[in-house]
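Asker: Mind looking over this structure? Questions follow.
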Amino acid sequence: MANGLKEIADELNMSISTVSRALNNTGRVSAETRRLVMDTAKKYNYSPNRVAQSLRQKKTNIVGLIVPDIGDYFSEVIKGTESELSAHNYSMILADSHEDPLKEANYIKLMYQSQVDGLMLATVSDTFAWTDVYESSDIPVIFFDNEPADLVCNKVVLNNIKATEIAVDHLVKLGHTRIALICGNTKESTAKYRRDGFTEAMKKHNLEIDQNLIKEGLYYLDAGYSSMEELILSREDHPFTAVIVSTYRMSCSAIHAIKDYGLSYPEDFSFIGFDMEDRDRLFSPSITSVLQPGKLIGKLMVHKLLQSIDNVDLSPEEEDSVSFVNPVIKLGQSTAAVKK
15 MANGLKEIAD ELNMSISTVS RALNNTGRVS AETRRLVMDT AKKYNYSPNR VAQSLRQKKT
75 NIVGLIVPDI GDYFSEVIKG TESELSAHNY SMILADSHED PLKEANYIKL MYQSQVDGLM
135 LATVSDTFAW TDVYESSDIP VIFFDNEPAD LVCNKVVLNN IKATEIAVDH LVKLGHTRIA
195 LICGNTKEST AKYRRDGFTE AMKKHNLEID QNLIKEGLYY LDAGYSSMEE LILSREDHPF
255 TAVIVSTYRM SCSAIHAIKD YGLSYPEDFS FIGFDMEDRD RLFSPSITSV LQPGKLIGKL
315 MVHKLLQSID NVDLSPEEED SVSFVNPVIK LGQSTAAVKK
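Numbering (the numbering used here), first residue to last: 15 to 354.
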């Protein structure tokens, strides 16, 4: 049997683990790959050893969750994940990578060594460093938040395009046409899609997109402050009547910049933040905010992960699919009709 497995892998120029997953219908392989493997297996009269397969399927009822930050939005994801896992008699190993790719890699290694049944991961980079390990492992993985580029995988993500689109739509209803955006580093998918949503919404409403009103920075507190400061100092040359900030941390620091410069919202300009629902009581007036349902995302991840762990009969398309969760906008007192 082992020789047959190796012969199939050699002939198709695939890893033995990829061939094994295709034959056993247990993991991340495309429909075309599965078809090629099954056809070649017939040629060698190969069938999986069910006894060995059952031994490999011992479960620990423990899964791993790696996040770049245990605060802010991710704390809600953690709550939803833990609650849903507990309902299914699973426990969780939680790790915080602190947005450090090296720490993330070490935690992934730890999770595999701990023989978790599955892994949920918000990777800190679009260039996922563990692609080879991911593709050669039978452990199911669900990615969320940031989407790894060029990696066929199972993902649960916010509809980030819609997140900024609904913010623009709200401001347009109030008569705003000169709208600024502060967003994260667009080398990461989350920030890129939020910027794309902004530009698409502006085009939809036939509004001018002034590149001077789009500020991109890293996901740090001071980045929101400095970006807001740049917009304020250049208002005379590049006027705006509203600003959207597409991350929580940047929203908080942008508000501090507004206060430090003696300005206020919505008197001087309207302001829309991100994920401010439980924090807007710290600010006055209250903040109009785009919200991502972290608990729902956590529960959906668990549902998809347990399906993979339990080998529910999923099509390859379902195994390697993207589930989008829609954002909502909560109205506060920081937005108002544009002054005539």
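Note that beta-carbon positions come from the ideal geometry of N, C-alpha and C, so glycine has one too.
Please tell me whether I76 and A55 are closer than 8 Å, where the distance is taken between their beta carbons.
Answerer: Locating residue 76 in the sequence shown gives position 62, counting from the first residue. Locating residue 55 in the sequence shown gives position 41, counting from the first residue. No, the Cβ-Cβ distance between I76 and A55 is not below 8 Å.
Asker: Would you check if there are 3 or more beta carbon pairs closer than 8 Å linking the segment 194-201 to the segment 220-237?
Answerer: yes
Asker: Can the beta-carbon of N160 be found less than 8 Å from the beta-carbon of T204?
Answerer: Translated into positions along the sequence shown, residue 160 becomes position 146. Translated into positions along the sequence shown, residue 204 becomes position 190. Going by C-beta atoms, N160 is nearer than 8 Å to T204.
Asker: Judging by CA-CA distance, which residue of P299, V182 and K187 is the nearest neighbour of I223?
Answerer: Along the sequence shown, one-based indexing puts residue 223 at 209. With distances taken between Cα atoms, I223 lies closest to V182.
Asker: Please report the straight-line C-alpha distance between Y262 and D289, rounded to a whole angstrom.
Answerer: In the sequence shown, the residue the question calls residue 262 occupies position 248. In the sequence shown, the residue the question calls residue 289 occupies position 275. When rounded, the distance between both Cα atoms is 5 Å.
Asker: Count the other C-beta atoms from every protein chain shown that fall within 10 angstroms of the C-beta of H184, then say buried if there are 16 or more, exposed otherwise.
Answerer: Taking the first residue of the sequence shown as position 1, residue 184 is located at position 170. By the 10 Å Cβ count, H184 comes out buried.
Asker: Give the list of continuous alpha helix (DSSP H) stretches no shorter than 4 residues that lie fully inside the segment 272-297.
Answerer: None, since the segment 272-297 contains no complete alpha helix (DSSP H) of that length.
Asker: Any idea what DSSP makes of V336, helix, strand or coil?
Answerer: For the purposes of this step, residue 336 is identified with residue 322 of the sequence shown, where counting begins at 1. Reduced to three states, the DSSP call for V336 is strand.
Asker: Roughly how many whole angstroms lie between the Cα atoms of L310 and Y239?
Answerer: In the sequence shown, the residue the question calls residue 310 occupies position 296. In the sequence shown, the residue the question calls residue 239 occupies position 225. Using only the alpha carbons, I get a separation of about 30 Å.
Asker: Should R49 be labelled buried (16 or more other beta-carbon atoms within 10 Å of its own) or exposed?
Answerer: Here the question's residue 49 lines up with position 35 in the sequence shown. By the neighbour-count rule (16 or more Cβ atoms within 10 Å), R49 is not buried but exposed.
Asker: Could you tell me which of S128, R35, S105 and E202 sits nearest to D152, measuring between CA atoms?
Answerer: Here residue 152 corresponds to residue number 138 of the sequence shown, with the count starting at 1. It is R35 whose Cα lies nearest to the Cα of D152.
Asker: Just checking, does the segment 214-221 make contact with the segment 245-252 on the three C-beta pairs under 8 Å criterion?
Answerer: no
Asker: Helix or strand or just coil, what does DSSP make of L172?
Answerer: Numbered from 1 along the sequence shown, position 158 holds the residue referred to as residue 172. Looking at L172 - three-state DSSP - the assignment turns out to be strand.
Asker: Just how far apart, CA to CA, sit E299 and S348?
Answerer: Position 285 of the sequence shown, counted from the start, is the residue given in the question as residue 299. Position 334 of the sequence shown, counted from the start, is the residue given in the question as residue 348. Reading the sequence as shown, one finds Pro at residue 299 and not Glu. Approximately 6 Å, taken between the alpha carbons.
Asker: For D110, which three-state DSSP category applies?
Answerer: Counting from one through the sequence shown, the residue named residue 110 turns up at place 96. Strand.
Asker: Contact check, E98 vs V316 under 8 Å by CB: the rounded distance?
Answerer: Stepping through the sequence shown from its first residue, residue 98 is reached at position 84. Stepping through the sequence shown from its first residue, residue 316 is reached at position 302. The Cβ separation is near 4 Å, so the contact holds.
Asker: Would you mind reading off the limits of the alpha helix (DSSP H) that contains S322?
Answerer: In the sequence shown, the residue the question calls residue 322 occupies position 308. G308 to I323 is the extent of the alpha helix (DSSP H) around S322.
Asker: What residue range is occupied by the uninterrupted beta strand (DSSP E) comprising A3?
Answerer: Because the chain spans 15 through 354 in this model, residue 3 falls outside it and cannot be assessed.
Asker: CB-CB under 7 Å to R208, same chain, minus the five flanking residues each way: which ones, in chain order?
Answerer: The count along the sequence shown starts at 1 and reaches residue 208 at position 194. These residues qualify, in order along the chain: N174, A177, T178, C197 and S260.
Asker: In the segment 68-102, which residue ranges form an unbroken alpha helix (DSSP H) of at least 4 residues, counting only runs that do not cross its ends?
Answerer: Qualifying alpha helix (DSSP H) stretches, in chain order: 86-101.
Asker: Apply the 10 Å Cβ neighbour rule to S267 and answer buried if 16 or more other Cβ atoms are within range, or exposed otherwise.
Answerer: As a working mapping, residue 267 is identified with position 253 in the sequence shown. S267 comes out buried.
Asker: Compute the beta-carbon to beta-carbon distance between K344 and L305, rounded to the nearest angstrom, for a pair I have assumed lies under 8 Å.
Answerer: Counting from one through the sequence shown, the residue named residue 344 turns up at place 330. Counting from one through the sequence shown, the residue named residue 305 turns up at place 291. With 8 Å as the limit, K344 and L305 qualify as a contact, their Cβ atoms being about 6 Å apart.
Asker: Under a Cβ-count criterion, where at least 16 other Cβ atoms within 10 Å of its own Cβ denotes burial, should H190 be classed as buried or exposed?
Answerer: Reading the sequence shown from its first residue, position 176 is the one you call residue 190. By the 10 Å Cβ count, H190 comes out buried.
Asker: Please confirm whether A350 and P280 have their CB atoms less than 8 Å apart.
Answerer: Stepping through the sequence shown from its first residue, residue 350 is reached at position 336. Stepping through the sequence shown from its first residue, residue 280 is reached at position 266. In this structure, P280 lies closer than 8 Å to A350 by Cβ.
Asker: Please report the residue range of the beta strand (DSSP E) in which I156 lies.
Answerer: On the sequence shown, position 142 is the one that residue 156 refers to. Taken as a continuous stretch (DSSP letters only), the beta strand (DSSP E) holding I156 covers V155 to F158.
Asker: Hey, out of H270, D131, I301 and E243, whose CA is closest to K318's CA?
Answerer: As a working note, residue 318 is residue 304 in the sequence shown. When C-alpha distances from K318 are compared across H270, D131, I301 and E243, the shortest belongs to D131.
Asker: In three-state DSSP terms, what is E25?
Answerer: As a working note, residue 25 is residue 11 in the sequence shown. Three-state result, E25: helix.
Asker: Quickly, what does DSSP pair I180 with across the bridge? List them, please.
Answerer: By 1-based counting over the sequence shown, the position of residue 180 is 166. Partner(s): none; I180 has no beta bridge.
Asker: Between D110, E243 and V352, which lies nearest to G78 when the distance is taken from Cα to Cα?
Answerer: Walking along the sequence shown from the start, residue 78 turns up at place 64. Nearest to G78 by C-alpha distance, out of D110, E243 and V352, is D110.
Asker: Buried or exposed: where does F338 fall if 16 or more other Cβ atoms within 10 Å of its Cβ makes it buried?
Answerer: Indexing the sequence shown from 1 puts residue 338 at position 324. Under this definition F338 is an exposed residue.
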